[in-house]
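Numbers in the working numbering are just positions in the sequence shown, counted from 1, shifted up by 117. Ideal Cβ placement from N, Cα and C applies to all residues, glycine included. Structure first, commentary second.
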Amino acid sequence: MEELIEDGKTGFVLESNIDALIGAMQKIDTIDRSQVRRPVEQKFSKERMTDEYEKLYYELCQNGAQK
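Take a look at the structure:
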(Lines of atoms letter the chains of each structure in order from A and count residues from 1; the text may use other names and numbers.)
(Lines give C-alpha, C1' and ligand atoms only; values in the text may rest on other atoms or scores of the structure.)
Protein backbone atom coordinates (compact mmCIF):
# COMPACT_ATOMS: atom_id res chain seq x y z
CA MET A 1 0.00 0.00 0.00
CA GLU A 2 2.88 2.35 0.62
CA GLU A 3 3.39 2.77 -3.13
CA LEU A 4 -0.19 4.09 -3.39
CA ILE A 5 -0.24 6.32 -0.33
CA GLU A 6 1.87 9.40 0.21
CA ASP A 7 2.05 9.49 3.99
CA GLY A 8 0.47 12.63 5.39
CA LYS A 9 -0.50 13.88 1.94
CA THR A 10 -2.89 11.36 0.38
CA GLY A 11 -3.40 9.20 3.44
CA PHE A 12 -1.47 7.64 6.28
CA VAL A 13 0.87 4.67 6.39
CA LEU A 14 0.45 3.16 9.85
CA GLU A 15 1.88 0.57 12.15
CA SER A 16 -0.60 -2.20 12.94
CA ASN A 17 -1.81 -0.96 16.29
CA ILE A 18 -4.74 0.92 17.73
CA ASP A 19 -2.68 3.93 18.84
CA ALA A 20 -1.46 4.55 15.29
CA LEU A 21 -5.02 4.27 14.01
CA ILE A 22 -6.31 6.71 16.61
CA GLY A 23 -3.50 9.15 15.78
CA ALA A 24 -4.28 9.00 12.07
CA MET A 25 -7.98 9.50 12.67
CA GLN A 26 -7.19 12.59 14.73
CA LYS A 27 -5.16 14.01 11.82
CA ILE A 28 -7.59 13.10 9.02
CA ASP A 29 -8.68 16.73 8.60
CA THR A 30 -5.13 17.66 7.57
CA ILE A 31 -5.47 15.70 4.33
CA ASP A 32 -6.34 17.79 1.26
CA ARG A 33 -9.10 15.84 -0.48
CA SER A 34 -8.22 17.29 -3.90
CA GLN A 35 -4.69 15.88 -3.56
CA VAL A 36 -6.18 12.48 -2.76
CA ARG A 37 -8.54 12.62 -5.71
CA ARG A 38 -6.12 13.87 -8.39
CA PRO A 39 -3.92 10.75 -8.74
CA VAL A 40 -6.96 8.48 -8.70
CA GLU A 41 -8.61 10.48 -11.47
CA GLN A 42 -5.40 10.32 -13.52
CA LYS A 43 -4.87 6.59 -13.03
CA PHE A 44 -8.49 5.58 -13.47
CA SER A 45 -9.93 8.09 -15.94
CA LYS A 46 -12.44 6.77 -18.46
CA GLU A 47 -9.99 7.43 -21.26
CA ARG A 48 -7.07 5.66 -19.64
CA MET A 49 -9.16 2.68 -18.52
CA THR A 50 -10.63 2.35 -22.02
CA ASP A 51 -7.15 2.42 -23.56
CA GLU A 52 -5.84 -0.15 -21.08
CA TYR A 53 -8.76 -2.53 -21.64
CA GLU A 54 -8.40 -2.14 -25.39
CA LYS A 55 -4.71 -3.08 -25.18
CA LEU A 56 -5.52 -6.06 -22.98
CA TYR A 57 -8.24 -7.36 -25.30
CA TYR A 58 -5.94 -6.92 -28.30
CA GLU A 59 -3.17 -8.90 -26.57
CA LEU A 60 -5.61 -11.64 -25.59
CA CYS A 61 -6.90 -11.89 -29.15
CA GLN A 62 -3.35 -12.01 -30.53
CA ASN A 63 -2.29 -14.70 -28.05
CA GLY A 64 -5.43 -16.72 -28.77
CA ALA A 65 -4.82 -16.55 -32.52
CA GLN A 66 -1.28 -17.89 -32.08
CA LYS A 67 -2.46 -21.14 -30.47
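Looking at the structure shown, is G125 part of a helix, part of a strand, or coil, going by DSSP? It is coil, neither helix nor strand.
On the premise that L138 lies in contact with L131, defined as a C-beta separation below 8 Å, what is that separation, rounded to the nearest angstrom? Contact between L131 and L138 holds: their C-beta atoms lie close to 6 Å from each other, under 8 Å.
Taking the straight line between their C-alpha atoms, what separation do you get for K126 and R154? It is roughly 11 Å from the alpha-carbon of K126 to the alpha-carbon of R154.
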